[in-house]
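**Student:** Position one of the sequence shown corresponds to residue 12 (my numbering), numbered consecutively onward.
C-beta: ideal position from N, C-alpha, C; glycine also.
Have a look at this one before I ask anything.
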Amino acid sequence: MSLIDGLRQLTDDALEYVEQITASELVSVEIVLIDVQETATLHINNKITLQEGSHNPDARILMTKTVFNNILAGKADFGALIGGSKYSEKRPIDFEIINTIKTNQLMSTLYTLMTFFFTPRKPKIKKLNRSLAGEAHGAHPIPLVYSDGLRSGWYTIDEGETLNESGEKDPYPQIFVIIKGRGKAQIGDTRVTLEPDSAVYIPVNASHSVTALETMQLLWLAWNTPII
């Protein structure tokens, strides 16, 4: 399928979610399939419009045709392929900001595109499989919802792996909900055991890490988060 036809399909799939995607000020995002030189531009304001080619983009999303086709087929997750531990990390999908004056709005737009637009079909259903997960913070996430003030994701931590091995500190509250598997968490100076059907709250600016004693699955939720 061509880029423009695939984006038309995604635009149609997103019609019921358009209020969550649209922006108060016009944002233009160029989509580029780098290996076949196909380009199209999404214009996002009170609706989503699509043009073939490049048209004064504020930002650019780059990927290969194989990655794009896999997203359309539900064989790859856009958020898992663009997300990383750091914005500077090289990932299968790249995001480049061109108009830095709109940086905050562009990041907000990227989050809504990741959550609602690049998840195909309707209603939107994400598959939570280890094979679709990305690589970040020492574990394997699939982002669920990213928006202004809220971030969430589904994580697999394979046996022996440590999420946030360096003991990450964040200026916002978080919670880990353990779905499967046992592990140990280091929260500040305290070490606790993690088991299924439990949740652990992470204080603001507290160093935290999770080590899997066996393969773990958990939900991560953070709130009062900055846009960047």
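(1) I'd like the ranges of any alpha helix (DSSP H) spanning at least 4 consecutive residues and lying wholly in the segment 102-181.
(2) Leaving out the 5 sequence neighbours to the left and right, which residues in its chain are closer than 8 Å to E36 when beta-carbon positions are compared?
(3) With burial defined as no fewer than 16 other Cβ atoms inside 10 Å of the residue's Cβ, what is the status of V221: buried or exposed?
(4) Which residues in the same chain have their Cβ closer than 6 Å to the Cβ of R193, if we skip the five residues on either side of it in sequence?
(5) Excluding the 5 residues preceding and the 5 following G160 in the sequence, name in chain order all residues of the same chain whose CB lies nearer than 8 Å to its CB.
(6) What first and last residue would you give for the alpha helix (DSSP H) that runs through E30?
(7) Label T52 either buried or exposed according to how many other C-beta atoms from any shown protein chain fall within 10 Å of its C-beta, with 16 as the threshold for buried.
(8) Pairing CB atoms from the segment 72-81 with CB atoms from the segment 190-204, are three or more of them under 8 Å?
(9) Are the segment 85-93 and the segment 129-148 touching by the rule of at least three beta carbon pairs closer than 8 Å?
**Tutor:** Based on what the coordinates show:
(1) Listed in chain order, the complete alpha helix (DSSP H) runs (minimum 4 residues) inside the segment 102-181 are 114-123.
(2) Cβ neighbours of E36 beyond the five flanking positions: N56, K113 and Q116.
(3) So V221 counts as buried.
(4) So the list reads E206, L224 and E225, once near-sequence residues are dropped.
(5) The beta carbon of G160 sits closer than 8 Å to those of W234, N235 and T236, all from its chain and outside the five residues before and after it, given in chain order.
(6) E30 -> alpha helix (DSSP H) spans V29 to I32.
(7) Counting Cβ neighbours within 10 Å, T52 comes out buried, since at least 16 surround it.
(8) The segment 72-81 is not in contact with the segment 190-204.
(9) Contact holds: three or more Cβ-Cβ distances are below 8 Å.
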